[in-house]
Amino acid sequence: KDVDEYVIREMYEYKRQVESGRQKFENLVKLYSQDPGSRETGGQYQMNRNDKQWDPAFFNAAFRLKEGQISPVIKSKFGFHIIQMVARSGDDAVVRHILRIPAVTDEEITVAKARLDSIRTRVLKGDLTFSNAVNKYSEDEGAKFSGGQRTGRDGSTSITYDQLDKDLIPLLKGMQPGDVSMPQVYTNERDQRCVRIVFLKSRTEPHRENLRDDFNRVAQRALEEKKEAALAKWFKEHIPTFFITIDNDFAQCGNIEDWRKAAAESNMRTTVKQ
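Written out as structure tokens, the structure reads:
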């Protein structure tokens, strides 16, 4: 399509500028890259050949490069990239990349809405479950592992409104449990326009936290507290096994009292730097 071709031409121009010495790769990253996770570090990532988290197209293109070499434009599920190999040592590599995400056209939005409306109709008729629809049709690879089900920060499937994106909140307020929404245009975390349908599985009215309605959340919090207590206990028991040096700037800090006491009880020498 025209938008993709335009972006690809621009990226080949970036490649020519770096290879001719007119520009530094990291400067072009700050000017043009749409990857917020690496823009401030010059587009840099550390990679290992055994790491499976990377997009296959990006991964394979990166490890075909020699040090200093820049890849042709490659397409991943995130968009278009050019990649520069910064350093390579065996299975480890340091790379830089520029990511460009072509703008989604109004025509593409219209097509996506029509397709999702058709999928919604099949779900409502009972011809297709929502989770199967996610697995078969969703372009969000991460959602396929859970059938599209969202989870909160604590791992619970019950999510509070403050954990939802701003476009989803007004949509859900007009829905009842079991409803499947009409296709909604929204902006994702990469600032792309996308289209989705939403299934509201259940809703809990505002209430005081209790084990019947909030068991998963309470259990997760209790588990985290037990982990913290176990870690604190382990540290306290093992403090005497360490040689402790306390910097003078922190000598009066109340949080290290256990370290001082344990060191004294075990007749270990604790010094304060002057």
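Numbering follows our numbering, in which position 207 of the sequence shown is assigned residue number 428; successive positions increment by one, without gaps.
Even for Gly, the Cβ is constructed at its ideal location relative to N, Cα and C.
Just mark residue i as buried or exposed, buried being the case when its beta carbon has 16 or more other beta carbons within 10 Å.
{"i": "Ser254", "result": "buried"}
{"i": "Tyr235", "result": "buried"}
{"i": "Met232", "result": "buried"}
{"i": "Ala314", "result": "buried"}
{"i": "Val406", "result": "exposed"}
{"i": "Phe464", "result": "exposed"}
{"i": "Phe279", "result": "buried"}
{"i": "Ala354", "result": "buried"}
Who are the Cβ neighbours of residue i in its own chain at under 8 Å, not counting the five residues just before and after it?
{"i": "Val224", "result": "Pro323, Ala324, Thr326"}
{"i": "Ile229", "result": "Val294, Phe301"}
{"i": "Gln238", "result": "Gln244, Leu249"}
{"i": "Leu359", "result": "Residue identity differs from the one stated: residue 359 is Ser in this sequence, not Leu. Within the same chain, Ser359 has close Cβ partners Lys365, Gly369."}
For residue i, collect the residues of the same chain with a Cβ closer than 7 Å to its Cβ; drop the 5 residues on either side in sequence, then sort them by chain order.
{"i": "Asn271", "result": "Asp312"}
{"i": "Phe284", "result": "Arg270, Ala314"}
{"i": "Ser339", "result": "none"}
{"i": "Phe420", "result": "Phe351, Val401"}
{"i": "Arg260", "result": "Val250, Lys251, Ser254"}
Going by DSSP, what residues sit across from residue i in a beta bridge?
{"i": "Lys296", "result": "Phe301"}
{"i": "Val224", "result": "Paired residues: none, contrary to the question."}
{"i": "Ala314", "result": "Met268, Arg309"}
{"i": "Leu320", "result": "His302"}
{"i": "Ile291", "result": "Gln305"}
So residue i and residue j are in contact, right, with Cβ under 8 Å, and what is the actual spacing, rounded?
{"i": "Asn437", "j": "Ser379", "result": "7 Å"}
{"i": "Ile418", "j": "Val401", "result": "6 Å"}
{"i": "Glu247", "j": "Gly263", "result": "3 Å"}
{"i": "Glu362", "j": "Ile291", "result": "In fact, because the Cβ distance is near 27 Å, the residues do not count as touching under 8 Å."}
{"i": "Arg414", "j": "Ile330", "result": "6 Å"}
Short of 6 Å in beta carbon distance, which residues of its chain neighbour residue i, apart from the five on each side in sequence? Order them along the chain.
{"i": "Ser423", "result": "Pro398"}
{"i": "Leu349", "result": "Arg343"}
{"i": "Gln267", "result": "Val315"}
{"i": "Thr492", "result": "A caution first: Thr492 carries a pLDDT of 48, below 50, which makes its placement in the model too unreliable to give a value."}
{"i": "Pro404", "result": "Lys334, Leu337, Asp338, Val416, Ile418"}
{"i": "Asn356", "result": "Lys365"}
{"i": "Asn476", "result": "none"}
{"i": "Thr425", "result": "Asp434"}
Beta strand (DSSP E) runs wholly inside the stretch 364-429, at least 3 long, in chain order: 405-408, 414-417
Which runs of the alpha helix (DSSP H) at least 4 residues long sit entirely within the stretch 232-257? Give them in chain order. 246-253
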